[in-house]
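First residue of the sequence shown? That's 3 in this note's numbering, and the numbers climb one at a time after it.
The beta-carbon is built from N, C-alpha and C at its ideal position, and this holds for glycine as well.
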Amino acid sequence: MTRVKICGIRSLEEALWAVEAGADALGFILVPHSKRYIEPQKLRQITAHLPPFINKVGVFAGEPPNRVSEIIRYCFLDTIQFHGGEPVDHYRHIKAAKIKVISLDPQQITSSNSGHPNNPRENVASPNWELLHTEASQGLVQGILLDSTVQGQSGGTGTPLPWKELHFKTILAEIKKANIPFILAGGLHPENVQEAIQITQPYGVDVSSGVEREGRKDQEQITRFIHAAKTKASKPQSIR
Ligand SMILES: O=C(O)c1ccccc1N[C@@H]1O[C@H](COP(=O)(O)O)[C@@H](O)[C@H]1O
3 MTRVKICGIR SLEEALWAVE AGADALGFIL VPHSKRYIEP QKLRQITAHL PPFINKVGVF
63 AGEPPNRVSE IIRYCFLDTI QFHGGEPVDH YRHIKAAKIK VISLDPQQIT SSNSGHPNNP
123 RENVASPNWE LLHTEASQGL VQGILLDSTV QGQSGGTGTP LPWKELHFKT ILAEIKKANI
183 PFILAGGLHP ENVQEAIQIT QPYGVDVSSG VEREGRKDQE QITRFIHAAK TKASKPQSIR
């Protein structure tokens, strides 16, 4: 069954909505410029009151290793999500599971399909797959998350990746070679998550904007999202 992370939680009430609906993980944004930022002092008050068996993920972008280590311990977090292109090697001493984020520009993926008949990858800024495979084989990362970047902004953009595009299939093939769990993010919501899962077959899905209403987490959207993600779709889908 597909694991679900609900990200950008800012209160105990929101966290308990997600837990009640069956979330496997909760994400907390520790990126100070984000509109979903939560202060460590407030976060600790949430995590201290959560039931067991729920994975608590801290989302960071470019925070120095010592600061990350301090927050992980202070806030009782289990997992680090590196959302700022950090060299994960610098964080190897920290005792937490690590998720490396690869941010992709949806427009570049789409244009690479039609751009050049002989080389569909020509226009795409390709991630460093060799580095990812090395990090995975050395046990430096335990998961890889694909997210969308829009005009230089990555994280919480609410923009879907073009998972139906042919070039996306080649990206997935590279990720699967690393042989670590793959998590799909970027613009997922209750209406598209089943199709996205059917096409990409991820270990887990991650959502922030897609379970909000007027900028705040919404209990009904969270419940619908988790239900959809954990229910098998009836119609088969394929990549065109
Ligand atoms: O959610 C944020 O505000 C955020 C800020 C900075 C880095 C990451 C952030 N969230 C991550 O973004 C993706 C997808 O978000 P969305 O569903 O498209 O809104 C997900 O991995 C979140 O963990």
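Would you kindly check if the distance between the Cβ of residue j and the Cβ of residue i is under 8 Å?
i: proline 67; j: tyrosine 93; result: yes
i: glutamate 65; j: leucine 32; result: yes
i: cysteine 9; j: serine 210; result: yes
i: glycine 145; j: isoleucine 185; result: yes
i: glutamate 197; j: alanine 231; result: no
i: valine 70; j: isoleucine 48; result: no
i: leucine 163; j: leucine 106; result: yes
i: lysine 166; j: isoleucine 201; result: yes
i: arginine 75; j: glycine 158; result: no
i: threonine 4; j: glycine 206; result: yes
i: isoleucine 173; j: valine 143; result: no
Let me make sure I understand the geometry here. Which of the options has the alpha-carbon closest to that of residue i?
i: alanine 17; options: His35, Val152, Leu45 and Val61; result: Leu45
i: alanine 23; options: Lys234, Ala235 and Gln221; result: Gln221
i: glycine 86; options: Ile111, Ser36 and Trp131; result: Ser36
i: valine 59; options: Pro89, Arg12 and Glu176; result: Arg12
i: leucine 168; options: His95, Pro54 and Thr112; result: Thr112
i: threonine 225; options: Gly160, Leu134, Phe62 and Glu193; result: Glu193
i: aspartate 26; options: Gln43, Arg75 and Asp80; result: Asp80
i: glycine 160; options: Phe84, Ile74 and Gly217; result: Gly217
i: phenylalanine 227; options: Ala187, Ile201 and Thr202; result: Ala187
i: serine 30; options: Asn57, Ser156, Lys102 and Pro53; result: Note that residue 30 is phenylalanine in the sequence shown, not serine. Nearest of Asn57, Ser156, Lys102 and Pro53 to phenylalanine 30, Cα basis: Asn57.
i: valine 6; options: Leu133, Pro204, Glu214 and Gln155; result: Pro204
i: tryptophan 19; options: Ile40, Leu52 and Pro42; result: Leu52
Looking at the unbroken alpha helix (DSSP H) that takes in residue i, where does it start and where does it end?
i: glutamate 231; result: At residue 231 the sequence reads alanine, which differs from the glutamate that was named. First-last of the alpha helix (DSSP H) with alanine 231: 221-231.
i: isoleucine 177; result: 168-179
i: glutamine 144; result: No alpha helix (DSSP H) contains glutamine 144, which DSSP labels as neither H nor E.
i: leucine 8; result: First, the amino acid is wrong: residue 8 is isoleucine here, not leucine. Here isoleucine 8 belongs to no alpha helix (DSSP H); instead the beta strand (DSSP E) covers 5-9.
Kindly examine ligand 1 and report whether one of its heavy atoms sits closer than 7 Å to the Cβ of residue i.
i: leucine 28; result: no
i: leucine 147; result: yes
i: serine 113; result: no
i: lysine 37; result: yes
i: histidine 85; result: yes
i: aspartate 208; result: yes
i: alanine 63; result: yes
i: threonine 225; result: no
i: threonine 202; result: no
i: valine 195; result: no
i: alanine 25; result: no
i: leucine 106; result: no
i: leucine 190; result: yes
i: isoleucine 11; result: no
i: threonine 136; result: no
i: isoleucine 48; result: no
i: glycine 160; result: yes
i: glycine 60; result: no
From which residue to which residue does the beta strand (DSSP E) around residue i run?
i: leucine 186; result: 184-186
i: valine 213; result: Where valine 213 is concerned, there is no enclosing beta strand (DSSP E), given that its DSSP letter is neither H nor E.
i: leucine 28; result: 27-31
i: leucine 134; result: Segment 131-139 is the alpha helix (DSSP H) holding leucine 134; no beta strand (DSSP E) there.
i: asparagine 57; result: 57-62
i: lysine 97; result: From DSSP, lysine 97 is part of no beta strand (DSSP E); its letter is neither H nor E.
When you measure from the CB of residue i to every non-hydrogen atom of ligand 3, does any distance come out below 7 Å?
i: leucine 79; result: Inclusion of ligand 3 in the displayed structure is not the case, the ligand content consisting of ligand 1 alone.
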